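0 is the number of the first residue of the sequence shown in numbering that gives the first Met the number 0; add one for each residue after it.
Beta carbons: idealized from backbone N, C-alpha and C, even for Gly.
Predicted model only: the values in this text are computed from it and were never measured.
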Amino acid sequence: MRIEDVLLKLAHDAINYEFDDTVLIDNSLKEQFSILNEQRATFVTLNLNNNLRGCMGSLIAHRTLFEDIIHNARAAAFSDFRFNRLSQQEFQNIEIEISILTPAQELEYKNLEDLKQKLIPNKHGVILELDGKRATFLPQVWEQLPTFEAFISQLCKKAGLDPNNLPGYPKIQIYEVEKIKKS
Numbered sequence: 000m001r002i003e004d005v006l007l008k009l010a011h012d013a014i015n016y017e018f019d020d021t022v023l024i025d026n027s028l029k030e031q032f033s034i035l036n037e038q039r040a041t042f043v044t045l046n047l048n049n050n051l052r053g054c055m056g057s058l059i060a061h062r063t064l065f066e067d068i069i070h071n072a073r074a075a076a077f078s079d080f081r082f083n084r085l086s087q088q089e090f091q092n093i094e095i096e097i098s099i100l101t102p103a104q105e106l107e108y109k110n111l112e113d114l115k116q117k118l119i120p121n122k123h124g125v126i127l128e129l130d131g132k133r134a135t136f137l138p139q140v141w142e143q144l145p146t147f148e149a150f151i152s153q154l155c156k157k158a159g160l161d162p163n164n165l166p167g168y169p170k171i172q173i174y175e176v177e178k179i180k181k182s
């Protein structure tokens, strides 16, 4: 079995356990696939009929890949405050996508034009932080917000900041992801 299939099954089983407590998470996978024991940061995104249905994750690796996927899959299904808890009926049609993040690195920039030149759409995930407020967009979000202006504006709004009235330049960190979903 490919590791991609193992990770998707792990996320699927973690959610399915909520509906069927006879579903077992296969702990022996940790012996078969050493990567599952590495500390990694992940996001699990759920889509239903090509619409976002939940997305939760970790920006900093603080659990094993095995534990992080289980935790974030359940959180995306049942704890994303933007949505009601996932129903069993919805679960039958859900598409699961896993993003494994590289460690975030601070991006130095002089002004917004410089930042625009340094950010690479569809490659960079971005963490924006200013005045104790923080938000992130995975690289996949560039697909919905393909311009720098739209991407940064919506990221500011997600952080609770007014993009037209920022009290200075935000701290920007970038990361990349390995995206895994059923093909």
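- Message: Please classify Ile119 as buried or exposed, where buried requires at least 16 other C-beta atoms within 10 Å of its C-beta.
- Response: exposed
- Hey, out of Val43, Gly124, Leu154 and Cys54, whose CA is closest to Pro102's CA? Gly124
- Query: Would DSSP call Glu37 helix, strand or coil?
  - Reply: coil
- Item | Ala103, enclosing beta strand (DSSP E) - first and last residue | Per DSSP, Ala103 belongs to no beta strand (DSSP E) and is neither H nor E.
- Message: Let me make sure I understand the geometry here. Which of Gln87, Leu85, Ile179 and Phe42 has the alpha-carbon closest to that of Thr135?
- Response: Phe42
- Can you list, in chain order, the residues of its chain whose CB lies under 6 Å from that of Asn36, leaving out five sequence neighbours each side? Lys29 and Thr63
- Query: Hey, would you say Leu127 sits closer than 9 Å to Lys181, going by beta carbons?
  - Reply: no
- Message: Here's the rule: buried if 16 or more other CB atoms are within 10 angstroms of the residue's CB, otherwise exposed. What is Ile99?
- Response: buried
- Task: Would you decide whether Ile59 is buried or exposed? Buried here means 16 or more other CB atoms lie within 10 Å of its CB.
- Result: exposed
- Nearest-angstrom Cα distance between Ile225 and Ala10? The structure shown does not extend to residue 225, since the chain is modelled only from 0 to 182, so the question has no answer here.
- alpha helix (DSSP H) containing Gln87: first to last residue? Gln87 to Phe90
- Query: By how many angstroms is the C-alpha of Glu105 removed from the C-alpha of Ile93?
  - Reply: 34 Å
- Message: So, for Ser78: in the same chain, excluding its five sequence neighbours on each side, which residues have a beta-carbon less than 7 Å away from its beta-carbon?
- Response: Met55
- Is the beta carbon of Glu175 less than 9 Å from the beta carbon of Pro138? yes
- Message: Please report the distance separating the alpha-carbon of Glu177 from that of Lys122.
- Response: 10 Å
- Considering Leu127, what are the terminal residues of the beta strand (DSSP E) in which it resides? Gly124 to Leu129
- First and last residue of the beta strand (DSSP E) that includes Ala134? Lys132 to Phe136
- Message: As a quick exercise: from Ser152, Gly159 and Ile34, pick the residue whose alpha carbon is nearest that of Leu111.
- Response: Ser152
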